[in-house]
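> Those protein sequence lines, which keep their order, are chains A and B.
Mapping to the working numbering: the first sequence position 244 is 244, numbers consecutive.
All you need for the working numbering is the position in the second sequence, starting with 1, plus 362.
Protein chains: 2
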Amino acid sequence: MRIAQVAPLWESVPPKLYGGTERIVSYLTEELVRLGHDVTLFASGDSVTAARLEAICAHALRLNTGIFNRDAPMTMLMEQALGKTGEFDIIHSHLDFMGFPLARRNPTPTVTTFHGRLDLPELQPVFREYMEMPMVSISDAQRKPISWANWYATVYHGLPKDLYGLHQNSGTYLAFLGRIAPEKRPDHAIELAKRVGIPLRIAAKVDPMDQAYFHREIEPLLSDPLIEYLGEITDTEKNEFLGHAMALVCPYDWPEPFGLVLIEALACGTPVLAYRRGSIPEIIEDSVTGFVREGIDEMTAAIQRIPEIDRRRCRRTFEQRFSVERMAHDYLRVYEQALGNSCESEVEATNFLSWPSLSTSA
Amino acid sequence: MRIAQVAPLWESVPPKLYGGTERIVSYLTEELVRLGHDVTLFASGDSVTAARLEAICAHALRLNTGIFNRDAPMTMLMEQALGKTGEFDIIHSHLDFMGFPLARRNPTPTVTTFHGRLDLPELQPVFREYMEMPMVSISDAQRKPISWANWYATVYHGLPKDLYGLHQNSGTYLAFLGRIAPEKRPDHAIELAKRVGIPLRIAAKVDPMDQAYFHREIEPLLSDPLIEYLGEITDTEKNEFLGHAMALVCPYDWPEPFGLVLIEALACGTPVLAYRRGSIPEIIEDSVTGFVREGIDEMTAAIQRIPEIDRRRCRRTFEQRFSVERMAHDYLRVYEQALGNSCESEVEATNFLSWPSLSTSA
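As structure tokens, this is what we get:
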């Protein structure tokens, strides 16, 4: 299949640092290439891929901090990737609704994956206007505010199986990973650690907009000997950081569309403690791969039961439900649906049958 | 003629405060209505117009300071205003190149006026891609970095004649009006006032991004008894502020595409002292409506010659070259050019002949 993957230009593909969308676009692109598809990746020129790279600008836009018109490369991206006909069988846009105006006018089917929250009221008229556009959600929870749109599927994110490895033995600390931000409730993670007397290690970046919150609310809490703040860590450090943890703590207080860090923990065999918000109950099966609870009291109680969780089961769940192979398989089905081709072609059927893990995936 | 005016949504039309583009869109729209054209204005819902208002969002986007996706109303604006066929004879976009992707795909001719600077290198590929789009510059200087694009005309901004009135007698102070920003060189205006011993009144806003510059570089200079800082003033206050000034001082050190404040001064009969940058020499005729000089020494020397400038001549120049009637006339010619209609229709010819001032305009 001739497939165009259209990435936002904010980070390279894969991203040098933080960048969930660009990481997923990278994993998906490389897997589609591995499966023998003819893939073109539209992205910034500092991206690295086995696909054909169409570089729209030399560097990821995040790196341009001076006077710079970001609308210019974005306009070029839309025109080059979404505006042309005949070069691709399917176009897969990761540009949110920004790609809709041109996608609507292009006879080549365009599928859009939404990577962010959809609960802002100003989004409603846009989705009503473009009712016919094929859309993919990254969790069922994400699509709730606009459940009436043209949803083709929910495709959960997936990671390469060798990115993280199973750590069979439970560690001795709780882990908090990601961003320091009010909606992530790092204060709850700290309070929890103090209540149960278990060390908490925090590996998290602080965005400029969250600096004031960090200094005012979180920094004063870090002096407790149970709490260790590591700053931001790299992907390779994550394997050790997550793998050696007793559990990942996710007291998030917002409707996270998909928590990539949750499946990273599962990939390491590490159970997850989380509040019942957004996509969390779709990712974590309560009492099986972690505990999904409401409020700090319930989470405190759940910590005692962590030894009941089988870390090999966490890893197996990751392999079955959150591998890049499963994600690529799901997307290929979506592409075929968009092409109006309900029966899989012979080539693809052969590919699919060669993957034992897929027989157990959703 | 059925004309669509497409405003950015950042400010209402006209703007409640600062907003050069939205002011010009408003003046042009109202004048086209007055001339009997069937005008539709696409803008935020808090806009006020005699045209048919197509409200894309309830309020100007600048007023939405919380979590708000600005791309959503912008996408709706493009689809509604630039994506439809058959409703208008001509579409006039003020959205920069943002409107090009849909304009290119719409058989209704779309003319775009550029309101900002065009000298950023990342703009070049966009203009090369959309070489066929009819474009209007607001000064000849503005178009220089992309002189090879499809320029239909330069149309200087214009103001309603009754907005400001001639102040026949020269005032006793120098005026600085606009924004406190490094490229506007308010420090040069202050230095100039001190050198010649003439009071300087500064009526200017300070944007959040320029607060540090203001506190560090400018505030310490305001203690001199010759210098008076008034903060931001309203449109109605401008008439007195500019009219009672001896001269407007514009030591701008960047290629200003068009300085609206310069023609506001001329409308009051007030001469302008300015550096030779961007559009300045196109607006101010040296030794006739002010002095266009290079550097603070030359400007200091020029101040002695302000009494030579005839304030009535400044006002007359404004009426001839920078009135809204002249601007609307120019744009109607551009619209006809875009429609491939070189001979003016009877109705419009009648309208034009009824304006005595137009016989002397460019």
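Note that beta-carbon positions come from the ideal geometry of N, C-alpha and C, so glycine has one too.
1. By a C-beta neighbour count over all protein chains shown, 10 Å radius and 16 as the cutoff for buried, is Ser367(A) buried or exposed?
2. Distance check for Asp46(A) and Phe684(B), CA to CA, integer angstroms please.
3. For a contact defined as C-beta to C-beta under 7 Å, what are the partners of Arg105(A) on chain B?
4. Please determine whether the Cβ atom of Glu449(B) lies at a distance below 7 Å from any heavy atom of the ligand NAD.
5. Would you decide whether Gly527(B) is buried or exposed? Buried here means 16 or more other CB atoms lie within 10 Å of its CB.
6. For chain A, check one thing: does any of its Cβ atoms lie closer than 8 Å to the Cβ of Gly460(B)?
7. Is Thr437(B) closer than 8 Å to Ser455(B) when the C-beta atoms are compared?
8. Which class does Met299(A) belong to by DSSP, given the choice of helix, strand or coil?
9. Is Lys378(B) helix, strand or coil by DSSP?
10. Assuming Lys556(B) is part of the alpha helix (DSSP H), what are its boundary residues?
11. By Cβ distance below 6 Å, which residues in the same chain neighbour Ser374(B) in space, the five residues on each side in sequence not counted?
12. With DSSP run on the structure shown, which of helix, strand or coil describes Arg135(A)?
13. What are the residues that DSSP puts in a beta bridge with Ala175(A)?
14. Would you call Ile429(B) buried or exposed, if buried means 16 or more other Cβ atoms sit within 10 Å of its Cβ?
15. Tell me, please, whether the CB atom of Ala574(B) is closer than 8 Å to any CB atom in chain A?
16. Taking Cβ-Cβ distances below 7 Å as the criterion, which residues of the segment 505-517 of chain B are in contact with chain A?
17. Would you say Leu464(B) lies against chain A (beta-carbon separation less than 8 Å)?
18. For chain B, check one thing: does any of its Cβ atoms lie closer than 8 Å to the Cβ of Asp71(A)?
19. So does the segment 231-240 of chain A actually touch the segment 107-125 of chain A, counting three or more Cβ pairs closer than 8 Å?
20. Find the residues of chain B that neighbour Leu120(A), judging by a C-beta separation of less than 9 Å, and give them in chain order.
21. Determine which residues share a DSSP beta bridge with Tyr229(A) and list them.
22. Residues of the segment 80-98 of chain A with a CB closer than 7 Å to any CB of chain B: list them in chain order, please.
23. Determine the extent of the alpha helix (DSSP H) in which Ala515(B) is found, giving its start and end residues.
24. Please check if any C-beta of chain B sits within less than 8 Å of the C-beta of Met131(A).
25. Name the residues in the segment 382-401 of chain B whose C-beta lies less than 8 Å from a C-beta of chain A; which are they?
26. Is Asp692(B) helix, strand or coil when you go by DSSP?
27. Which residues in the same chain as Cys57(A) place their Cβ atom closer than 8 Å to its Cβ, once the five residues preceding and following it in sequence are excluded?
28. If contacts are defined as beta-carbon pairs under 8 Å, then Pro633(B) and Gly652(B) qualify, I think. What distance do you get, rounded to the angstrom?
29. By the three-class DSSP mapping on this structure, what secondary structure does Thr113(A) have?
30. Determine the burial state of Pro613(B): buried for a count of at least 16 other Cβ atoms within 10 Å of its Cβ, exposed for fewer.
31. Can you give me the C-alpha to C-alpha distance between Ala465(B) and Arg105(A), rounded to a whole angstrom?
32. Taking the beta carbon of Leu246(A) as the centre, do at least 16 other beta carbons fall within 10 Å, making it buried, or is it exposed?
33. For Pro487(B), go through chain A and note every residue whose CB falls closer than 7 Å to its CB, in chain order.
34. Nearest CA to the CA of Pro160(A): which residue from Val334(A), Ala328(A), Gln337(A)?
35. What does Gln367(B) pair with, by DSSP beta-bridge criteria?
36. Using CA atoms only, rank isn't needed, just tell me which of Ile263(A), Ala267(A), Ile296(A) is closest to Glu282(A).
So, to answer that:
1. Since the first residue shown for chain A is 1 and the last is 362, residue 367(A) is missing from the structure and cannot be characterised.
2. Here residue 684(B) is taken as the residue at index 322 of the second sequence, counted from 1. Here residue 46(A) is taken as the residue at index 46 of the first sequence, counted from 1. Each residue's Cα considered, the two are about 48 Å apart.
3. Within the first sequence, residue 105(A) is the residue found at index 105, counting from 1. Going along chain B in sequence order, the residues near Arg105(A) (Cβ under 7 Å) are Arg467.
4. This structure lacks the ligand NAD; in fact it carries no ligand of any kind.
5. For this step, residue 527(B) is matched to residue 165 along the second sequence. When all chains shown are included, Gly527(B) counts as exposed.
6. As a first step, residue 460(B) is located in the second sequence; it is residue number 98 there, counting from the start. Reading off the sequence shown, one finds Met at residue 460(B), where the question assumed Gly. Answer yes: the Cβ-Cβ gap between Met460(B) and chain A drops below 8 Å somewhere.
7. Along the second sequence, read from residue 1 onward, the residue named residue 455(B) stands at position 93. Along the second sequence, read from residue 1 onward, the residue named residue 437(B) stands at position 75. Taking 8 Å as the Cβ cut-off, Ser455(B) and Thr437(B) do not qualify as a contacting pair.
8. Translated into the one-based positions of the first sequence, residue 299(A) becomes position 299. Reduced to three states, the DSSP call for Met299(A) is helix.
9. Numbered from 1 along the second sequence, position 16 holds the residue referred to as residue 378(B). Coil, per DSSP.
10. Here residue 556(B) refers to the residue found at position 194 of the second sequence. Unbroken alpha helix (DSSP H) run through Lys556(B): 548-558.
11. Numbered from 1 along the second sequence, position 12 holds the residue referred to as residue 374(B). So the list reads Ser406, Asp408, Ser409, Ala422, once near-sequence residues are dropped.
12. By one-based count along the first sequence, residue 135(A) stands at place 135. It is Met, not Arg, that sits at residue 135(A) in the sequence shown. Reduced to three states, the DSSP call for Met135(A) is strand.
13. In the first sequence, residue 175(A) corresponds to position 175, counting from 1. Ala175(A) is bridged to Arg201(A), Leu248(A).
14. Along the second sequence, one-based indexing puts residue 429(B) at 67. Ile429(B) comes out exposed.
15. If you number the second sequence from 1, residue 574(B) lands on position 212. For Ala574(B), the answer is no, since every Cβ of chain A falls outside 8 Å of its Cβ.
16. none
17. Locating residue 464(B) in the second sequence gives position 102, where the first residue counts as 1. Interface residue, yes.
18. By one-based count along the first sequence, residue 71(A) stands at place 71. Closer than 8 Å: yes.
19. no
20. Taking the first sequence and counting its residues from 1, one reaches residue 120(A) at position 120. Those within 9 Å of Leu120(A) in chain B are Ile429, Phe430, Asn431, Ala434.
21. One-based indexing of the first sequence puts residue 229(A) at position 229. Answer is Ile202(A).
22. Gly83, Phe97, Met98
23. To locate residue 515(B), count along the second sequence from 1; it is residue 153. Counting along the chain, Ala515(B) falls outside any alpha helix (DSSP H), though it belongs to the beta strand (DSSP E) covering 513-516.
24. Looking up residue 131(A) in the first sequence gives position 131. Not closer than 8 Å to any Cβ of chain B, the Cβ of Met131(A) fails to qualify, so no.
25. none
26. Against the second sequence, residue 692(B) aligns to sequence position 330. Asp692(B): helix per DSSP, three-state reduction.
27. The residue given as residue 57(A) occupies position 57 in the first sequence. Leu9, Ser44, Gly45, Pro73, Met76.
28. Numbered from its first residue, the second sequence carries residue 633(B) at position 271. Numbered from its first residue, the second sequence carries residue 652(B) at position 290. Yes, they are in contact, since the Cβ atoms of Pro633(B) and Gly652(B) sit about 4 Å apart, within 8 Å.
29. In the first sequence, the residue the question calls residue 113(A) occupies position 113. In this structure, Thr113(A) counts as strand in the three-state DSSP scheme.
30. One-based indexing of the second sequence puts residue 613(B) at position 251. So Pro613(B) counts as buried.
31. Start at 1 with the first residue of the second sequence, and residue 465(B) comes out as number 103. Start at 1 with the first residue of the first sequence, and residue 105(A) comes out as number 105. In a straight line, the C-alpha of Ala465(B) is about 12 Å away from that of Arg105(A).
32. Numbered from 1 along the first sequence, position 246 holds the residue referred to as residue 246(A). Here the sequence assigns Met to residue 246(A), which means Leu is not the residue at that position. Under this definition Met246(A) is a buried residue.
33. Working through the second sequence from its first residue, we reach residue 487(B) at position 125. Within 7 Å Cβ-Cβ: Met76.
34. One-based indexing of the first sequence puts residue 160(A) at position 160. Nearest C-alpha to Pro160(A): Ala328(A).
35. Against the second sequence, residue 367(B) aligns to sequence position 5. According to DSSP, which records beta bridges pairwise, Gln367(B) is partnered with Leu403(B), His454(B).
36. For this step, residue 282(A) is matched to residue 282 along the first sequence. When each option's Cα is compared against that of Glu282(A), the closest is Ile263(A).
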